[in-house]
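Written below as structure tokens is the structure these notes are about.
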Amino acid sequence: MAKKTPEVNAGSMADIAFLMLIFFLVTTTMDVDTGIIRQLSPPPPKDAPIPDINKRNMMSILVNNQDNLLINGKPGDIRTLKADVKDFMSIHPDDPGYPVVELKTFDYIGEIQVSRGIISLKSTRGTSYEMYIKVQDQIAGAFTELRNELSMQKFGKKQDKLVDPNLVDAINKAIKLSVSEAEPEDIGGK
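In my numbering, the protein residues as written are 6 to 195.
See below:
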């Protein structure tokens, strides 16, 4: 007589697999906070006059539908954009090629010269998302470097190493992220 192989009751295996699936779905977290972190200023009152901006205070960056840069009407390069923005926003007293500089006093920092420069970022319809993000990253990187330099000068640490939120806030107020972003538009009659 041949020996019978005992059968394994697999009826509850499906139940166990289903319970494990439910467990992992319930305990897994997904990061949904993606995107660009920006704090927008409140909208101006409807009757507020449009501010008159001195042309020397503005660096105009245009990204076209071919993902090419124009910086103040001249061809630019994404590889040098951070350095260009940093140079523009740095303090150059009495140099008419750079933004006006004013003396301001800030808590925890004291009296320092600050740039009145503004970066104007505009794109055309058809600009790739990747290029637009690269441009924003370069601009933000320039402001981060300027803030770190001021933080090192005043507190001996980079801004992200400062523990006191008052010091971080003071650095942010002294070097504001002055970027104006306009809606994309059609250029060239497409």
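For glycine and all other residues, C-beta sits at the position ideal for the given N, C-alpha and C.
For clarity, every value in this text was computed on a predicted model and none was experimentally measured.
Continuous beta strand (DSSP E) stretch holding residue i: start and end
i, result
"M63", "63-68"
"V106", "106-111"
"V31", "Looking at the DSSP string, V31 is not in any beta strand (DSSP E); the run it does join, the alpha helix (DSSP H), is 18-32."
"V90", "Premise fails: V90 lies in the alpha helix (DSSP H), 86-94, not in any beta strand (DSSP E)."
"P80", "79-81"
"A127", "According to the sequence shown, residue 127 is Lys rather than Ala. Segment 123-128, the beta strand (DSSP E) holding K127."
"E186", "184-186"
"G115", "115-120"
Sequence-distant residues of the same chain with beta carbon closer than 7 Å to residue i, five excluded per side
i, result
"K195", "With a pLDDT of only 44 at K195, under the threshold of 50, the placement of this residue in the model should not be trusted; the figure read from the coordinates follows. None."
"K178", "F111"
"A15", "none"
"D142", "none"
"S183", "G122, I123, I124"
Whether residue i touches residue j by CB criterion (8 Å)
i, j, result
"V105", "N62", "yes"
"T110", "P189", "no"
"K87", "A147", "yes"
"S185", "L126", "yes"
"I200", "I144", "Outside the modelled stretch of the chain, which goes from 6 to 195, sits residue 200, for which no answer is possible."
"F160", "L167", "yes"
"F93", "M64", "yes"
"Y113", "L172", "yes"
Classification of residue i by the beta-carbon crowding that lies within 10 angstroms, buried from 16 upward
i, result
"L24", "exposed"
"S17", "exposed"
"L3", "This structure cannot speak to residue 3, because the chain is shown only from 6 to 195."
N- and C-terminal bounds of the alpha helix (DSSP H) containing residue i
i, result
"E150", "134-160"
"P170", "170-179"
Proximal residues to residue i (C-beta, below 6 Å), its chain only, five neighbours per side dropped
i, result
"N153", "K163, Q164"
"H97", "Y103"
"D169", "none"
Close Cβ partners of residue i (< 8 Å) along its chain, the five nearest in sequence each way excluded
i, result
"P80", "N73, L74"
Residue i beta carbon near the ligand SAM (any heavy atom closer than 7 Å)
i, result
"A22", "You won't find the ligand SAM in this model; it holds no ligand whatsoever."
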